[in-house]
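Quick note on numbering: our numbering labels position 14 of the sequence shown as 85, and the sequence is numbered without any gaps. Virtual Cβ for every residue (Gly too), placed ideally from N, Cα, C. What follows is a short report on a single structure.
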Amino acid sequence: MGLTMTVYLGFDPGRDKCGIAVMDHQQKILHHQVATSDNAIGTVRYLCKKHGVTLLILGNQTTAQQWQQRLQQEISPPLAIALVNEKNSSLEARSRYWEMYPPNLTQKLLPKGMRLPPRPIDDIVAILLIERYLASMNT
């Protein structure tokens with residue numbers, strides 16, 4: 072009825088590319104992609120409208136402050152933004168990539184630590200940021 076469910080947008084900020092993910096209140100991934108930094112704001116705007124995003128979760132490292140300002144200025148209506156610790160998220164995202172997209176036979180021959188995903192994984196980092204936020208809310 073009038074009950075609104077939280078929809079989260081995870082944002083892994085970067086100088087050249089950004090990871091973006093959208094997850095619903097049941098932790099179902101609705102969307103994830105890597106966008107160029109030039110297209111990130113437009114992509115966030117579009118996804119906020121499409122999915123009714125209510126909270127943006129932003130990684131707190133490298134370019135977080137500049138991105139937080141830009142997102143607050145350029146997304147309307149303004150979104151609530153939560154900062155999440157990004158430490159080791161890239162390493163964690165690498166393992167998650169292989170869970171989501173199991174390695175083929177040739178890739179399986181490589182030791183796990185040497186397997187590199189064949190594409191940028193910033194979107195998976197964005198998924199992890201949402202999960203970290205939710206875990207911190209349940210403690």
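Is there at least one non-hydrogen atom of the ligand NAP closer than 7 angstroms to the beta-carbon of residue i?
i: SER160; result: For the structure depicted, the ligand NAP is absent and the ligand set is empty, with no information on it obtainable.
Should residue i go down as buried or exposed, given a rule of 16 or more other Cβ atoms within 10 Å for buried?
i: ALA206; result: exposed
i: GLY184; result: exposed
i: GLY73; result: Low per-residue confidence applies at GLY73: pLDDT is 46, beneath 50, and the placement is therefore not dependable enough to give any value.
i: ARG190; result: exposed
i: GLU170; result: exposed
i: ASN209; result: exposed
i: GLY90; result: buried
i: LEU200; result: buried
i: TYR172; result: exposed
Comparing C-alpha positions only, which one of the options sits nearest to residue i?
i: ARG86; options: ALA164, ASN110, ILE100, LEU154; result: ASN110
i: GLN97; options: ILE152, THR77, ARG203, PHE82; result: THR77
i: THR133; options: ASP95, ASP83, LEU200; result: ASP83
i: LYS99; options: PRO188, LEU80, GLY90, VAL105; result: LEU80
i: GLN136; options: ALA153, ASN175, THR125; result: ALA153
i: ALA197; options: LEU118, ILE128, SER108; result: ILE128
Going along the chain, which residues of its own chain have a beta-carbon closer than 6 angstroms to the beta-carbon of residue i, five neighbours each way excluded?
i: ILE195; result: ALA164, ARG167, TYR168
i: ASN159; result: none
i: GLN140; result: none
Given residue i, which residues of its chain have a CB within under 8 angstroms of its CB, disregarding the five upstream and five downstream residues?
i: GLU145; result: ILE112, ARG116
In chain order, what residues of the same chain have a beta carbon less than 7 angstroms from the beta carbon of residue i, not counting five sequence neighbours either side?
i: ASN131; result: LEU154, VAL155, ASN156, GLU157
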